[in-house]
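Note sheet for the following structure.
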Amino acid sequence: MSLMVTGAAGFIGANFAHFILNKHPGIDVLVYDKLTYAGNLDNLKDIRGRIKFVKGDICDAEAVGKAIKEHGVDEIINFAAETHVDRSIDSASDFLESNVKGVYTMLEAARKYDIKKLLQISTDEVYGSIQDGSFYETSNINPSNPYSAAKAAGDLLARSYYNTYRLPVLITRSSNNFGPYQFPEKLIPLMILKAMRNEPLPVYGTGMNVRDWIYVEDNCAGIDTVFHKGRLGEVYNIGGGNEKPNLEVVRLILKQLGKPGSLITFVKDRPGHDLRYSLNSDKTKALGWKPAYTFEDAMKKTIDWYVNNEWWWRPLLNK
Ligand code: NAD
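For what it's worth, this note's numbering labels the leading residue of the sequence shown as -19, then goes sequentially.
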């Protein structure tokens, strides 16, 4: 068995590579990643000798095919994507390439090379915002920004390949992840690093936008569960059950680092900013998964990791 994990030089993929090697020590893992600004081989430094690595673009059908053939790949998890909403608002082009055409290329490769299973990593952002209640896997898709619209297209395309060709596809939609190796443009690492250096912490709008947070290791365990126990052609939500307004998250970071609330500065809101995300994860829980970490414990682990790993984040600050 050889598992190709695309985008695993990025945040969640790298955590997943660590998780899977720990859980299934004999597993043969091929990391395939374009190494965009968000891809970083330092994320795989301590497992570099235990994985194979190919630098390549998921939009490049020839390179994908070559990697699959040469490494005898029979299963794929596709994490590779452009992921930062603000960048998608500035320019959507790379998002359409990687998050739509890239998924199409991986699906076609899976057909051509008879891949046994392909899991497409999607996001709760495909559902858009919700005022009351939570999104189920059957809820409408209603994305609000170019990032989530492109992810929705990739997600639906993956499903269509199951319906049309019976390609063995699974899809996970998780909520907002946090933990080690997250590129410091995203809310939690950005705020931790700014607070550590006594810089102002920029909070969008009133800070009342609610996100459901999941510790990345809990998401990895959810992905592993769905990959091994999920029903082909199905979508699975993976939520942490930790709904918090951004301002509360930022205040907790300041408190845990012993820094003053006066570091918070409110900045002009992001256009199309979804007010609240909320996921119902009962379908994934029915497979035997549940989050192992409380939000507070996971935040403490995360903050400690950034405090103790300046070698990792210092070179990224000007990227
Ligand atoms: P990330 O930005 O940290 O990493 C993305 C990785 O993909 C990088 O290593 C990058 O080099 C690689 N990549 C980008 N385009 C590529 C291409 N065309 N070919 C090959 N590699 C390419 O992202 P992340 O936060 O780890 O997210 C991983 C996946 O999880 C994405 O699909 C994202 O949409 C999804 N997701 C993320 C979150 C979150 O909170 N971070 C939540 C739900 C879903």
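Cβ coordinates follow ideal geometry from the N, Cα and C atoms, glycine included.
Since the structure is predicted, the reported quantities are computational estimates derived from the model, not experimental observations.
Backbone secondary structure at residue i - three-state DSSP
i, result
"R153", "strand"
"D277", "helix"
"F163", "coil"
"D13", "strand"
"S261", "coil"
Exposed unless 16 or more other CB atoms sit within 10 angstroms - verdict on residue i
i, result
"W291", "exposed"
"V287", "exposed"
"K14", "buried"
"G238", "exposed"
"K131", "buried"
"D112", "exposed"
"H208", "exposed"
"S154", "buried"
"S71", "exposed"
"E197", "buried"
"Y127", "buried"
"G159", "buried"
"S114", "buried"
Residue nearest to residue i in terms of C-alpha spacing, selected from the options
i, options, result
"S124", "I283, T274, K97, E105", "E105"
"T152", "L181, L98, H64, R28", "L98"
"D135", "L243, F(-9), K280, F59", "F59"
"N289", "Y161, F207, A201, K14", "Y161"
"G187", "A201, K209, K248, A278", "K248"
"G185", "S140, I168, R250", "R250"
Cβ-Cβ distance between residue i and residue j below 8 Å
i, j, result
"A47", "M(-19)", "no"
"G19", "A(-11)", "yes"
"M86", "T(-14)", "yes"
"I218", "I283", "no"
"E214", "L150", "yes"
"E55", "I95", "yes"
"W193", "K224", "yes"
> Which full runs of the beta strand (DSSP E) of 3+ residues lie inside the region 88 to 151, going along the chain?
Replying inline: 97 to 103
> Taking only runs of the beta strand (DSSP E) that begin and end inside the region 169 to 237, which ones reach a length of at least 3 residues, in chain order?
Replying inline: 181 to 184, 190 to 195, 215 to 218, 223 to 225
>> Runs of 4 residues minimum, wholly inside the region 15 to 73: which ones carry the alpha helix (DSSP H) assignment?
In response: 41 to 51, 65 to 70
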